[in-house]
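Before any comments, here is the structure.
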DNA sequence: CTGAAAGCGCTTACAG
DNA sequence: CTGAAAGCGCTTACAG
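Here it is in structure tokens:
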């Protein structure tokens, strides 16, 4: 019965390749349920009023046939593709990957899929990607970067589509999400103070990064609030292990000044790792002699240091998810406050900072 | 003139949010060029025969209006969405990320976009992802894993869509791509032999990984071909720094056997890093006393070791790109040989293995 | 060489 | 409560 439809005009099954078997359409479902296509559509979308029996019959038919709505057809009429584009130049993936995973995971629960656009820092490719997103009619665009003070080299020309910036500079009036670096730094330094450290040095990335300034500020704030002085100035270097290594060796080596820190708060996990390696090679013990705290919770680093590293997790997975939900709101026309939202960071305590005995 | 169309029946601009301005359609282009929609379509797609002047006029109109074809509409009739789904459980991203970047980059040049499905190892999410891909009518599915001997916990039920497995086990009769581990290992060991090493040990991951067996085989083969004996048995441990560190310390520490290797070929960069750290802490010099070669060319590790690490690059970016092009062929109905294709690895020489003086 | 018309698989006023 | 019909933006036989 359900299969006695007249043959479709375009030949099915004649397409190239694979064992093609005609896709189940809503007409098949309607036929099997003995209702019109209109009713089938309404039943499946849970709209309109009808007897529960009818609705249930349609659902059963859909289930039995393994019906999957064709989202291209639906998108065409609803003017919604249920897709998002994720644009990034961070091929490295350190920051973008957890964001992307959080975004995609959060979206699939809402029936929305995410296009991955790997920018590759190539302007021509970026243009191609943007064009592809326009043709695919994405409902929104997420632009993800690797530093909060730089806009991506991406001119978003789409005027019909909401845009959210993540972990990147965001134009005035736009909406953006970045990790709360001040809070993260404060949590790290507060922890060091609480475990009894008093001479806390700060080693971080280049001064040009907005994040380094903010984190240094958090370091100073917390120390002042506890009546402590920062140990020297914040030291701006680069994000490398080598910087941490060299600095630790210089501060604790044979010719180093008498005044030495009892803790390092580092701007990322690589620097922290270099510090630990440098100290270890000089025979110092972490954390007994010196506590070390990193930033990023990049587990492959943080868990492999000897000892494992206490560090700040920026919650990038959640950040991606949060941005996705905000995007859904924008798409639905709900008002979303423009401006930058700072999402929480959390301290992950491991062995490199374990509390000293209280007395 | 181009704008004197009668108002569309569905109100435009009344959708939620953003400054909506009606999207340019092929009708607009046709109107501006003074041709029928049929002709406009043919001109834009470079099909059919018409005077070059007409074609050019249509192109100009499209350019002037900034026309972008709606790929949902096109997909509906062509039964092609020009999208691919990338399924993975590797949230970690170490392997999948370069593959994804290569795939997406290669595809955008051909007008194909890639959906990112983060499996999260959650079967229910995987099911949702698969369902989403089916509704989105992807033209193909790429299933990417992190080890070549494990199938993903993904039952691909789609019968209408070609599937390619990347860096994962692949069912009989399917097509898969994996890095050529034998070749990679051979390149690494050949290099060590060529720089004068004779007692080459092999430290690698767990025995259960197919990759470790293949790489160990490459190690043995090359040594035999040069009339050398392997230095002991291949040592199977885990993929961690700690394993390399402990082993190096055991083999070179105070109570170690007299017979010592002059080189380590390691199954990944983390092990290699542990080896280097262990040796360094014992006062040995890399590469003067012992050469070390890693595997993966995970730059964040390979470049940060002291000294920088010679290692095998699996060419995952290219692997992703290659898989994508194969997928396009399958979609086009071209015959693609089933079975596993091994894609080339290449040795990246840095300082941890520099040649000894010949004599 | 060019165009009117049908149709892809849905949704949604509109009319019973 | 239910259905026939129009339409989303394209492509493609079919007919001049």
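Protein chains in written order, with our numbering: chain A, 8 to 366; chain B, 8 to 366. Cβ atoms here follow ideal geometry from the backbone N, Cα and C, with glycine treated the same way.
Cβ neighbour criterion (16 or more within 10 Å) applied to residue i
i, result
"residue 248 of chain B", "buried"
"residue 2 of chain B", "This structure gives no information on residue 2 of chain B, because the portion of chain B shown stretches from 8 to 366."
"residue 204 of chain A", "buried"
"residue 143 of chain A", "buried"
"residue 233 of chain A", "exposed"
"residue 280 of chain A", "buried"
"residue 277 of chain A", "buried"
"residue 186 of chain A", "buried"
"residue 257 of chain B", "exposed"
"residue 128 of chain A", "exposed"
"residue 317 of chain A", "buried"
"residue 240 of chain A", "exposed"
"residue 222 of chain B", "buried"
"residue 59 of chain A", "exposed"
Cα-Cα separation, residue i to residue j
i, j, result
"residue 321 of chain B", "residue 305 of chain B", "10 Å"
"residue 83 of chain A", "residue 47 of chain B", "20 Å"
"residue 238 of chain B", "residue 255 of chain B", "14 Å"
"residue 359 of chain B", "residue 219 of chain B", "22 Å"
"residue 244 of chain A", "residue 90 of chain B", "44 Å"
"residue 224 of chain A", "residue 150 of chain A", "27 Å"
"residue 194 of chain B", "residue 92 of chain A", "40 Å"
"residue 209 of chain B", "residue 200 of chain B", "13 Å"
"residue 26 of chain A", "residue 97 of chain A", "Only weak support is given to the placement of residue 26 of chain A: the predicted model assigns it a pLDDT of 47, under 50, and the question is left unresolved by the model."
"residue 192 of chain B", "residue 133 of chain A", "36 Å"
"residue 206 of chain A", "residue 236 of chain A", "8 Å"
"residue 371 of chain A", "residue 163 of chain B", "Any property of residue 371 of chain A remains undetermined from this structure, which presents chain A solely from 8 to 366."
"residue 344 of chain A", "residue 309 of chain A", "36 Å"
"residue 295 of chain B", "residue 319 of chain B", "20 Å"
"residue 242 of chain B", "residue 101 of chain B", "24 Å"
Beta carbon proximity, residue i to chain B, threshold 8 Å
i, result
"residue 248 of chain A", "yes"
"residue 124 of chain A", "yes"
"residue 311 of chain A", "yes"
"residue 121 of chain A", "yes"
"residue 128 of chain A", "no"
"residue 257 of chain A", "no"
"residue 275 of chain A", "no"
"residue 104 of chain A", "yes"
"residue 167 of chain A", "yes"
"residue 181 of chain A", "no"
"residue 285 of chain A", "no"
"residue 333 of chain A", "no"
"residue 80 of chain A", "yes"
"residue 234 of chain A", "no"
"residue 118 of chain A", "yes"
is_contact[residue i, chain A] using C-beta, thresh 8 Å
i, result
"residue 88 of chain B", "yes"
"residue 112 of chain B", "yes"
"residue 304 of chain B", "no"
"residue 328 of chain B", "no"
"residue 115 of chain B", "yes"
"residue 163 of chain B", "no"
"residue 13 of chain B", "Only weak support is given to the placement of residue 13 of chain B: the predicted model assigns it a pLDDT of 33, under 50, and the value that follows is read from those uncertain coordinates. No, residue 13 of chain B lies away from the interface with chain A (no Cβ there is under 8 Å from its Cβ)."
"residue 239 of chain B", "no"
"residue 323 of chain B", "no"
"residue 108 of chain B", "yes"
"residue 291 of chain B", "no"
"residue 83 of chain B", "yes"
In chain order, what residues of the region 132 to 155 of chain B put their CB closer than 8 Å to some CB of chain A?
132, 135, 136, 138, 139, 140, 141, 142, 143, 144
(message) Does the structure place the region 27 to 46 of chain B close enough to the region 58 to 66 of chain B that three or more beta carbon pairs sit under 8 Å?
(response) yes
- prompt: Any residues in the region 64 to 78 of chain A with a beta carbon nearer than 9 Å to a beta carbon of chain B? Which ones, in chain order?
  reply: 73, 75, 76, 77, 78
**Asked** Listed from N- to C-terminal order along the chain, which residues in the region 347 to 364 of chain A have their beta-carbon within a distance smaller than 8 Å of any beta-carbon of chain B?
**Response** none
Exercise. Do the region 270 to 285 of chain B and the region 120 to 138 of chain B touch if we need at least three Cβ pairs shorter than 8 Å?
Worked result: no
Return the residues of the region 194 to 223 of chain A that lie within a Cβ-Cβ distance of less than 9 Å from chain B, sorted by chain order.
none
- Query: Any chance the region 253 to 272 of chain A sits against the region 298 to 316 of chain A, with 3 or more Cβ pairs inside 8 Å?
  - Reply: yes
- prompt: Pairing CB atoms from the region 177 to 188 of chain B with CB atoms from the region 325 to 336 of chain B, are three or more of them under 8 Å?
  reply: yes
| said: Taking contact to mean 3 or more Cβ pairs, one atom from each stretch, closer than 8 Å, check whether the region 109 to 126 of chain A and the region 116 to 127 of chain B are in contact. | reply: yes
Looking at C-beta atoms only, is the number of pairs between the region 168 to 179 of chain B and the region 333 to 348 of chain B that lie closer than 8 Å three or more?
-> yes
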